[in-house]
Structure formats: structure tokens, C-alpha cells
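A.B. asks: Structure below; questions to follow.
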Amino acid sequence: MVLQKVDLLKNEIPFEEESVVFSEDVKTGLVLVDIINGFCTVGAGNLAPREPNRQISEMITESARLATVFCDNEWPIMAFLDSHHPDKLEHPYPPHCITGTDESNLVPALQWLEREQNVTIRRKDCYDGYLGSMEEDGSNVFVDWVKTNQIKTLLVAGICTDICVLDFVCSTLSARNRGFLSPLEDVVVYSRGCATFDFPVSVTRNTKDGIAHPQELMHHVGLYMAKGRGAKIAREVLFSAPEKP
Ligand SMILES: [Zn+2]
1 MVLQKVDLLK
11 NEIPFEEESV
21 VFSEDVKTGL
31 VLVDIINGFC
41 TVGAGNLAPR
51 EPNRQISEMI
61 TESARLATVF
71 CDNEWPIMAF
81 LDSHHPDKLE
91 HPYPPHCITG
101 TDESNLVPAL
111 QWLEREQNVT
121 IRRKDCYDGY
131 LGSMEEDGSN
141 VFVDWVKTNQ
151 IKTLLVAGIC
161 TDICVLDFVC
171 STLSARNRGF
181 LSPLEDVVVY
191 SRGCATFDFP
201 VSVTRNTKDG
211 IAHPQELMHH
221 VGLYMAKGRG
231 AKIAREVLFS
241 APEKP
């Protein structure tokens, strides 16, 4: 039944997914959004999956694969980590990813990134990594990262497709269109490198304020919305230089 609804929606709002090939000829930066325990590791917190989840597992595997290729080639990576002050809740969500807890740290498969020189880690306390990169003096860590590394293409992966990934992509494309992000040209969202959480309507019927969030459907909607802002959606990400084992 759920599958039929997803298929219906995909027929109503179809979009093209591409196979995108990256090479060292075009300077590319990898952005990893919130691949942290609080959203990905079973039982790790209020917004973590309650049981193993195929979409989230695939997102972690694919993100780790991309991160390995980028580190082997010393290409730039920026990792956003959702990190909240305990007194500042993020409405409408319950407390999650409090700074200093393991919830706000990278998942075990990506923890090694903290020791890599080509990786910039940015803790943020809002959905949108672009806004979350703003400093009090008005500078922006993400914008500086793009300019310092002369990034022309961004490859984006992470969680949640329809929330933090989408918000970041929307802001980035608006900023690019306004000329704030030169030399950035393209934003590519890797669909298999993204995931969102599952809160099916069958569960929310029994809760007071719960808003349904069926995973496959919302993942598709998130990608569709990103495509509508001008992002490319990649079903397959390939590298023209051979990947090291
Ligand atoms: Zn948050």
C-alpha cells in the first residue's frame, strides 16, 4: 500500500537523475550534511532510527566511499554537524544532538575524517548549513571554504534529504545566483548518498502532535525540490581517476 503511494507520487512528480562523472579537471568539493549519530545510529537519541534502516545505511556507505576518494585525492570536504545548546530547542523537534554528546559526532564509519587535513568540520545549530556557517562578524565559513578552494562543483550527501540537505542546497543556489559564491557553478545532490527519517502515518495516528513523515516519499520530495532550484540529481557518482582500494 505504501509502495503504491510512493509510486503514484513518483509518477506525478518525476525528475531526471543523472550519472555524474567527477575528475580532477574541475575543482569539486564534497559537502556532508549531518551524518552524525543522533540522526543515523540506532537508538542514539530522540531523532535517531529505532531499528536498522536500509536508506540510512546506504547513505552512510556511499558517503564513506565518496569521502575516501576525496581524501585520497586531497580534494576539499566540508562536514556539517548538527550541534545544539541544551537550552535552545529546535522547534518542532525534540531535544537532539546536544553539543558535547556523542549524538552530535560523526558516525563511526566517518569518524576518521576528523584527522584528515582536507576536511573542514563545521558545527551548526540550525537546519541550514549555509546560515549555520555565518559568524558574528558577518563572515561565512562555507563561503570562505568555496572561495579558498576555488570550488566549481559541489557534491552533496547526507541527511535529511528534505530538511537540512534541501535547506543547504536552496541557500547555496540562491547565494550562487546572487554572485556570492564565485567560482561555484554546479550543485550535485547524490540521491543514494542522501537519506531521511521514517515516521509513517500508521504511527502518527496514535500520537497527539505527530506529523507523518514517510521516508521514501519525503526523500523523493526533497530531491524533487532541490532539482527545482537548479541542482543536478545524481543517481550514480563516478570518478574518472581510478579509486584507490
Ligand atoms: Zn538540529
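Sequence positions in the sequence shown follow the UniProt record's numbering and run 1 to 245. Positions of the beta carbon are idealized from the N, C-alpha and C atoms, including for glycine.
Which of the three DSSP states, helix, strand or coil, is assigned to Asp7?
C.D. replies: Here residue 7 is taken as the residue at index 7 of the sequence shown, counted from 1. Three-state DSSP puts Asp7 in a helix.
A.B. asks: Return helix, strand or coil for Asn140, following the three-state DSSP convention.
C.D. replies: Residue mapping note: residue 140 aligns to position 140 of the sequence shown, counting from 1. The answer is strand: DSSP assigns Asn140 an E or B state.
A.B. asks: Considering only C-alpha positions, which residue in the set Gly158, Arg235, Val31, His220 is nearest to Val119?
C.D. replies: Along the sequence shown, one-based indexing puts residue 119 at 119. Val119 has its Cα closest to that of Val31, out of Gly158, Arg235, Val31, His220.
A.B. asks: Taking buried to mean at least 16 other C-beta atoms within 10 Å of its own C-beta, is Asn37 buried or exposed?
C.D. replies: Residue mapping note: residue 37 aligns to position 37 of the sequence shown, counting from 1. Buried, because 16 or more other Cβ atoms sit within 10 Å of the Cβ of Asn37.
A.B. asks: Pick from Leu8, Ser240, Phe15: whose alpha carbon is nearest that of Arg229?
C.D. replies: Position 229 of the sequence shown, counting from 1, holds the residue named residue 229. Here the closest residue by C-alpha is Phe15.
A.B. asks: Would you say residue 247 touches ligand 1, meaning its beta carbon is less than 8 Å from a heavy atom?
C.D. replies: For residue 247 there is no data in the structure shown, the boundaries of the chain being 1 and 245.
A.B. asks: Enumerate in chain order the residues of its own chain whose CB-to-CB distance from Asn140 is below 8 Å, with the five nearest sequence positions on each side excluded.
C.D. replies: Stepping through the sequence shown from its first residue, residue 140 is reached at position 140. Result list for Asn140: Tyr130, Ser133, Met134, in chain order.
A.B. asks: Beta-carbon within less than 6 Å of Pro86's beta-carbon, same chain only, minus the 5 sequence neighbours each way: which residues are those?
C.D. replies: Within the sequence shown, residue 86 is the residue found at index 86, counting from 1. Closer than 6 Å at the Cβ level, and outside the excluded window around Pro86, lie Ile98.
A.B. asks: Does Ile13 pass the burial test, meaning 16 or more other C-beta atoms within 10 Å, or should it be called exposed?
C.D. replies: Translated into the one-based positions of the sequence shown, residue 13 becomes position 13. Its Cβ having fewer than 16 others within 10 Å, Ile13 is exposed.
A.B. asks: Would you call Asn11 buried or exposed, if buried means 16 or more other Cβ atoms sit within 10 Å of its Cβ?
C.D. replies: To locate residue 11, count along the sequence shown from 1; it is residue 11. So Asn11 ends up on the exposed side.
A.B. asks: Roughly how many whole angstroms lie between the Cα atoms of Arg176 and Val26?
C.D. replies: Position 176 of the sequence shown holds residue 176. Position 26 of the sequence shown holds residue 26. Roughly 17 Å separates the two Cα atoms.
A.B. asks: Taking the alpha carbon of Val20 as the point to measure from, which residue in Leu66, Thr41, Gln215 has its own alpha carbon closest?
C.D. replies: Position 20 of the sequence shown holds residue 20. Per the Cα distances, Leu66.
A.B. asks: What residue from Ile60, Asp7, Thr68, Val165 has the CA that sits closest to Asp82's CA?
C.D. replies: As a working note, residue 82 is residue 82 in the sequence shown. Asp82 has its Cα closest to that of Val165, out of Ile60, Asp7, Thr68, Val165.
A.B. asks: How is the beta strand (DSSP E) around Asp72 delimited, first residue to last?
C.D. replies: Counting from 1 along the sequence shown, the entry for residue 72 is found at position 72. Asp72 -> not in any beta strand (DSSP E); alpha helix (DSSP H) instead, spanning 54-72.
A.B. asks: How long is the line joining the alpha carbons of Thr41 and Pro49, rounded to whole angstroms?
C.D. replies: Taking the sequence shown and counting its residues from 1, one reaches residue 41 at position 41. Taking the sequence shown and counting its residues from 1, one reaches residue 49 at position 49. The alpha-carbon atoms of Thr41 and Pro49 are separated by roughly 7 Å.
A.B. asks: At a cut-off of 8 Å, would you count Asp82 as near ligand 1, judging by its Cβ distance to the nearest heavy atom?
C.D. replies: Residue mapping note: residue 82 aligns to position 82 of the sequence shown, counting from 1. Yes, ligand 1 has a heavy atom inside 8 Å of this Cβ.
A.B. asks: State the Cα-Cα distance for the pair Leu217 and Gln55, rounded to the nearest angstrom.
C.D. replies: Within the sequence shown, residue 217 is the residue found at index 217, counting from 1. Within the sequence shown, residue 55 is the residue found at index 55, counting from 1. Cα to Cα, Leu217 sits roughly 12 Å from Gln55.
A.B. asks: Any idea which residues DSSP pairs Ile77 with across the strands?
C.D. replies: Walking along the sequence shown from the start, residue 77 turns up at place 77. Its beta-bridge partners are Leu30, Val119.
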